[in-house]
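For reference, the structure discussed in these notes is given below.
In full-length UniProt numbering, the protein residues as written are 1 to 369.
Written out as structure tokens, the structure reads:
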């Protein structure tokens with residue numbers, strides 16, 4: 001290997017079509033790349049390249065100068081001397097795809113552990129085996145294997161397909177009637193689980209990275225939620241229960257996991273204590289990975305990420321003057337999910353104290369309206 005990388009962070013093989021603009025997310029890894037790297041980007045984003053690279057030059061963020069305007073995994077085969085970086089090592093939607101063959105040939109152990117832990121049921125079984133604290137959960141190969149008396153189940157609870165894409169098919173059930181209705185909406189015969197709802201004070205994202213076969217904590221962030229919807233992440237956090245999920249992280253590394261992956265963890269306040277529950281593992285990059293990568297490159301100490309809606313459809317129309325990140329003050333904003341501007345959506349890093357972040361959020365909303 002030359003030490004250089006080729007990045008393909010298209011998410012279309014691991015996301016629901018219901019996610020608006022999901023085909024435009026391949027560019028959000030740009031801020032994590034270096035000048036000699038290659039990056040595959042959806043071709044429609046060529047019109048935004050000058051604007052985003054001008055923004056990164058203004059704030060002093062290095063990035064690839066070698067875009068490939070094609071997100072096909074077949075492109076990876078053309079550059080065998082470049083180390084591949086992908087969103088997820090496998091095809092989460094199409095088991096028999098040609099891409100699956102490439103992943104298998106490249107590193108079957110990595111592909112196997114991703115496929116295994118991507119199942120919420122496998123996650124629960126492994127957690128129990130390793131004594132990792134998880135919520136009360138019933139796992140089943142299909143709906144007929146669930147406890148037949150729905151009244152005996154804990155409520156509220158979540159009905160989840162064992163393999164879910166972007167939360168699709170997950171239902172919150174307050175009572176047996178809602179559970180029965182939710183079951184009727186799921187495909188027959190699929191593995192699923194029922195999980196007791198955790199009344200959490202906060203939800204955390206604990207990211208790990210495998211380097212030279214060693215697994216290391218990467219960053220602990222708090223999830224910023226809008227209701228039940230994930231809006232962004234905040235760093236730093238006062239809660240870093242690495243010891244909770246460390247056994248699973250070590251197990252994954254031993255089985256062949258590479259790159260970045262993360263655990264979702266619930267923080268529950270008790271009268272005189274705090275309890276933590278592991279909820280699931282994302283064996284891949286996730287929404288927190290991209291702002292984390294940029295923040296670590298620039299040694300940023302306090303930040304949050306947030307998503308915005310705008311009337312604009314081109315970066316050329318957006319004025320960030322006076323808001324762009326400045327190293328001298330370690331404050332400002334950085335655009336990281338820029339490709340989705342074509343459908344009126346953007347992802348920003350907001351840098352500074354919590355009060356400064358709130359002010360930047362307010363000013364961005366005004367400029368994007």
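Quick reminder that beta carbons are idealized off the backbone N, C-alpha and C, glycines included.
What residues are listed by DSSP as bridge partners for residue i?
i: residue 424; result: A query on residue 424 cannot be resolved here, the shown segment of the chain reaching from 1 to 369 and no further.
i: residue 140; result: 192
i: residue 274; result: 269
i: residue 5; result: 83
i: residue 174; result: Paired residues: none, contrary to the question.
i: residue 367; result: According to DSSP, which records beta bridges pairwise, residue 367 is partnered with nothing at all.
i: residue 54; result: Bridge partners of residue 54: none, in fact.
i: residue 67; result: 39
Could you work out which residue in the options is closest to residue i when comparing CA atoms only?
i: residue 292; options: 135, 306, 199, 83; result: 306
i: residue 224; options: 216, 218, 233; result: 233
i: residue 402; options: 32, 194, 151, 71; result: Since the first residue of the chain shown is 1 and the last is 369, residue 402 is not available in this structure.
i: residue 67; options: 80, 50, 81, 147; result: 50
i: residue 15; options: 88, 44, 114; result: 88
i: residue 317; options: 344, 248, 100, 109; result: 344
i: residue 270; options: 200, 160, 253; result: 200
i: residue 361; options: 340, 342, 333, 341; result: 333
i: residue 38; options: 79, 366, 365; result: 79
i: residue 164; options: 13, 272, 350, 312; result: 13
i: residue 157; options: 220, 328, 178; result: 178
i: residue 169; options: 185, 349, 340; result: 185
i: residue 21; options: 34, 36, 35, 45; result: 45
i: residue 142; options: 99, 159, 155; result: 159
i: residue 101; options: 76, 173, 124; result: 76
i: residue 190; options: 351, 110, 162; result: 162
i: residue 54; options: 351, 328, 319; result: 319
i: residue 145; options: 109, 188, 132, 288; result: 188
i: residue 56; options: 326, 220, 340; result: 326
i: residue 235; options: 300, 339, 211; result: 300
i: residue 351; options: 328, 366, 110; result: 328
i: residue 220; options: 288, 365, 111; result: 288
Taking the CB atoms as reference points, tell me whether residue i and residue j lie closer together than 8 Å.
i: residue 48; j: residue 321; result: no
i: residue 251; j: residue 206; result: no
i: residue 5; j: residue 119; result: no
i: residue 278; j: residue 245; result: yes
i: residue 290; j: residue 29; result: yes
i: residue 196; j: residue 136; result: yes
i: residue 192; j: residue 140; result: yes
i: residue 122; j: residue 324; result: no
i: residue 175; j: residue 73; result: no
i: residue 283; j: residue 117; result: yes
i: residue 304; j: residue 353; result: no
i: residue 218; j: residue 274; result: no
i: residue 342; j: residue 24; result: yes
i: residue 349; j: residue 294; result: yes
i: residue 61; j: residue 297; result: yes
i: residue 254; j: residue 264; result: no
What does a CB cutoff of less than 7 Å around residue i pick up in its chain, not counting 5 residues either side in sequence?
i: residue 202; result: 222, 239, 267
i: residue 147; result: 138, 153
i: residue 198; result: 135, 266, 268, 277
i: residue 249; result: 208, 215
i: residue 115; result: 90
i: residue 231; result: 224, 225, 306, 307
i: residue 65; result: 35
i: residue 155; result: 173, 174, 175
i: residue 69; result: 41, 43, 46
Tell me which residues share the same chain as residue i and place their Cβ nearer than 6 Å to its Cβ, disregarding the 5 neighbours each side in the sequence.
i: residue 286; result: 262
i: residue 356; result: 331
i: residue 347; result: 307, 336, 337
i: residue 26; result: 9, 10, 41, 42, 71
i: residue 171; result: 159, 182
For residue i, I'd like the list of residues in its chain whose CB is within less than 8 Å of its CB, leaving aside the five on either flank, ordered along the chain.
i: residue 105; result: none
i: residue 107; result: 89, 256, 258
i: residue 151; result: 176
i: residue 311; result: 344, 368, 369
i: residue 113; result: 252, 255, 256, 257, 283
i: residue 363; result: 323
i: residue 52; result: 27, 30, 315, 335, 338
For residue i, is the beta carbon positioned less than 7 Å from some heavy atom of the ligand MN?
i: residue 34; result: Ligands displayed in this structure: none; no statement on the ligand MN is therefore possible.
Is the Cβ of residue i closer than 8 Å to any Cβ of chain C?
i: residue 92; result: The question asks about chain C, but that chain is absent: this structure has only one protein chain.
Just list the alpha helix (DSSP H) runs in the region 88–126, keeping only unbroken ones of 4 residues or longer that don't cross its boundaries, in chain order.
98–117
Ignoring anything shorter than 4 residues, give me the alpha helix (DSSP H) runs that lie fully in the region 277–356, in order along the chain.
289–297
Restricting to runs no shorter than 3 residues, where is the beta strand (DSSP E) found entirely within the region 10–46?
38–40
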